[in-house]
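Residue numbers (the UniProt record's numbering): 1 to 257.
For glycine and all other residues, C-beta sits at the position ideal for the given N, C-alpha and C.
Down below is the structure, laid out as structure tokens.
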Amino acid sequence: MSHKSPFNCGKTFYANNWLPDHSPSGAIDWQDYGGDDIDGETVRATAAGTAYFYDLGNTSYGKWIEIRHSDGTRTRYAHLATMVRAAGGSMTVSQGTAIGTVGSTGGSNAPHLHYEQRNSAGTVDTSPTVEGVTVSLGQKTAIKSTNACSGNPYTPEGVCGSGYSIIDSAALTGGRAYLLYNSGNGYNCVVTLKSTSLGSASPVSAFLEPEGESRTTDSGSYDYYAGPVKRDAAGQCVKWGGSVGSSSYTSGFEHCS
């Protein structure tokens, strides 16, 4: 299976396959390179599959995700700051789907992304290949991402602005709706990104409704996305969603903390 970098298109980070003193041997630590600061960076699926979400608190991987691929192989993404599903959840992902953000949870002393490729028997590949580059034991290689390069040039974080992180998303035919949260000001933000008819105006919408309050909606014919829809919802449950054409998603009241 061919794997892309787990980062946004055009981002370059160091892939470190430490030797010795890395557990498990063969795992890659992705770290800052040049002007690219990895802390808070969007983490994307390196290949399609089913993603499972876990949280080990202040130990081991901390917040981490395992994606199980169709050929039986698996990838792991650890020490995350945020995940798009709560621990215990799962979702189907495509190559390039945003699944979380880089952090330093668990047994980590600095922000980085711990990344593993495992075979169908669960054994870690000690020389994983990403973007066609094989990173052997003891190597440190700068790798530029081509993940999610085709398609919508906008990201949910870019649309909502500084301080917002993805906490949930829902697939639509022709796009995806995203729910983000800013812990600094207590605001949620919803944006719906198109994946079809890019650059051409077509119907798309995004909405956000704090429980007990009115709904705010952005709806129209847009080239790339609807939103951002922002509301103060600290300590409140929210209902959120959006649409692309006739495909729509509406959540229940959730994400109450």
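- The C-beta distance from HIS22 to GLY49 rounds to 24 Å, too long to fall under 8 Å, and the pair is not in contact.
- Each residue's CA atom was taken as its position, placing VAL133 and ILE143 some 8 Å apart.
- A Cβ-Cβ separation of about 41 Å leaves ASP125 out of contact with TYR187 under the 8 Å criterion.
- Taking all protein chains shown into account, THR101 has 16 or more neighbouring C-beta atoms within 10 Å of its C-beta and is therefore buried.
- The distance from the Cβ of ALA51 to that of SER90 is about 6 Å, consistent with a contact at the 8 Å cut-off.
- The straight-line gap separating the alpha-carbon atoms of ASN17 and GLY138 is approximately 5 Å.
- GLY96 sits away from ALA27, with the two beta carbons spaced by 8 Å or more.
- Pairing ALA171 with SER104, the inter-Cα distance amounts to about 28 Å.
- By the C-beta density criterion, CYS189 is buried, having at least 16 other C-beta atoms within 10 angstroms.
- Between VAL229 and LEU208, the gap from beta carbon to beta carbon is short of 8 Å.
- Annotation: the region 164-242 contains the following complete segments of the beta strand (DSSP E) (minimum length 3 residues), in chain order: 165-172, 175-182, 187-194, 202-210, 216-222, 225-232.
- GLY49: member of the beta strand (DSSP E) spanning 49-55, first to last residue.
- Sixteen is the threshold: since fewer than 16 other Cβ atoms of the shown chains lie within 10 Å of the Cβ of ASN109, the residue is exposed.
- According to the DSSP secondary-structure assignment, TYR14 is paired through a beta bridge with GLN31, ALA142.
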